[in-house]
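Here the sequence shown is numbered in the numbering used here, starting from 5 and rising by one per residue. Data block below; observations after.
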Amino acid sequence: MTTNRTPASDPMSPGTAAPGATALLEAAVEIADHPFTALVDATTGEVVAGGFCPGDALFARLGPADRGARTPADLEHPVVVALRAYGAGDLDALDGIPVRQSASPFRSEVQAALRRIPAGTALTYRELASAAGRPRAVRAAASGCATNLVALIVPCHRVRRSDGSLGGYAYGNAVKARLLAHEGTT
Numbered sequence: 005m006t007t008n009r010t011p012a013s014d015p016m017s018p019g020t021a022a023p024g025a026t027a028l029l030e031a032a033v034e035i036a037d038h039p040f041t042a043l044v045d046a047t048t049g050e051v052v053a054g055g056f057c058p059g060d061a062l063f064a065r066l067g068p069a070d071r072g073a074r075t076p077a078d079l080e081h082p083v084v085v086a087l088r089a090y091g092a093g094d095l096d097a098l099d100g101i102p103v104r105q106s107a108s109p110f111r112s113e114v115q116a117a118l119r120r121i122p123a124g125t126a127l128t129y130r131e132l133a134s135a136a137g138r139p140r141a142v143r144a145a146a147s148g149c150a151t152n153l154v155a156l157i158v159p160c161h162r163v164r165r166s167d168g169s170l171g172g173y174a175y176g177n178a179v180k181a182r183l184l185a186h187e188g189t190t
């Protein structure tokens with residue numbers, strides 16, 4: 005298993021590109037009244053990180069192979085167009101965006117299961133574990149949500165605790181609640 009998390013001891017600053025690393029496009033849009041940033045592999049078009057934070061914070065979470073030079077994405081780039089469409093109410097607009105994250109086989113299944121949750125629906129962590137093929141691996145499924153580098157596009161915000169409460173979200177429960185409301189989930 006490999007990981008996209010960069011150790012705290014990494015000498016590279018958040019804005020420094022690794023030699024020979026993937027060139028990145030940075031897309032920044034407003035989603036549900038919050039700024040959202042996506043880092044996109046300039047060659048493949050795959051989103052390698054996305055979140056409700058500045059690009060530097062996302063860049064710092066990437067592994068060295070994905071920490072290439074960043075340039076702003078064109079306003080007509082398919083990821084920018086899809087993100088804007090989602091923000092404007094087309095809740096299926098993100099479904100076709102390709103993503104890339106390093107993960108264990110089970111976390112890959114969790115990520116795939118997350119992408120199958122339709123907008124307007126919320127699962128419990130237990131239901132997510134079942135959808136990923138391991139119904140008893142509830143904590144591992146929750147961990148898969150917590151380590152998701154491509155928030156919103158891999159919609160970990162659509163998972164709640166079994167008591168109906170929000171649980172956690174890397175960008176805060178206020179953002180999670182706003183996204184669920186944007187999608188019509190109560």
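Using N, Cα and C, we set each Cβ at its ideal position, and we do this for glycine too.
Buried versus exposed, by CB contacts within 10 Å (16 or more), residue i
i           : result
residue 3   : This structure gives no information on residue 3, because the portion of the chain shown stretches from 5 to 190.
residue 177 : exposed
residue 39  : exposed
residue 74  : buried
residue 70  : buried
Whether residue i touches residue j by CB criterion (8 Å)
i           : j           : result
residue 166 : residue 130 : yes
residue 189 : residue 91  : no
residue 54  : residue 156 : yes
residue 183 : residue 158 : no
residue 41  : residue 30  : yes
residue 162 : residue 128 : no
residue 116 : residue 133 : no
residue 135 : residue 110 : no
When the options are compared against residue i, the one with the closest alpha-carbon
i           : options              : result
residue 142 : 154, 113 and 156     : 113
residue 179 : 43, 45 and 56        : 56
residue 106 : 154, 174 and 99      : 154
residue 66  : 84, 152 and 139      : 152
residue 171 : 186, 61, 149 and 185 : 149
residue 97  : 173, 147, 35 and 185 : 35
residue 1   : 147, 175, 43 and 138 : The structure shown has nothing for residue 1, since the chain only spans 5 to 190.
residue 61  : 181, 175 and 185     : 175
Other residues of its chain near residue i: CB distance less than 6 Å, five sequence neighbours each side excluded
i          : result
residue 88 : 33
residue 72 : 21, 25, 26, 27 and 28
residue 76 : 30
residue 95 : 123 and 187
Bridge partner(s) assigned by DSSP for residue i
i           : result
residue 33  : 40
residue 107 : Answer is none; residue 107 lacks a bridge partner.
residue 74  : 28
residue 51  : 44 and 103
residue 83  : Answer is none; residue 83 lacks a bridge partner.
Residues of its chain near residue i, where Cβ-Cβ distance is below 7 Å and the 5 sequence neighbours each way are ignored
i           : result
residue 121 : 127, 159 and 162
residue 103 : 50, 51, 154, 157 and 158
Min CB distance residue i to chain B below 8 Å
i          : result
residue 55 : Any reference to chain B falls outside this structure, which holds one protein chain only.
Close-in-space but distant-in-sequence residues of the same chain around residue i (CB under 8 Å, 5 per side omitted)
i          : result
residue 86 : 97, 98, 100 and 101
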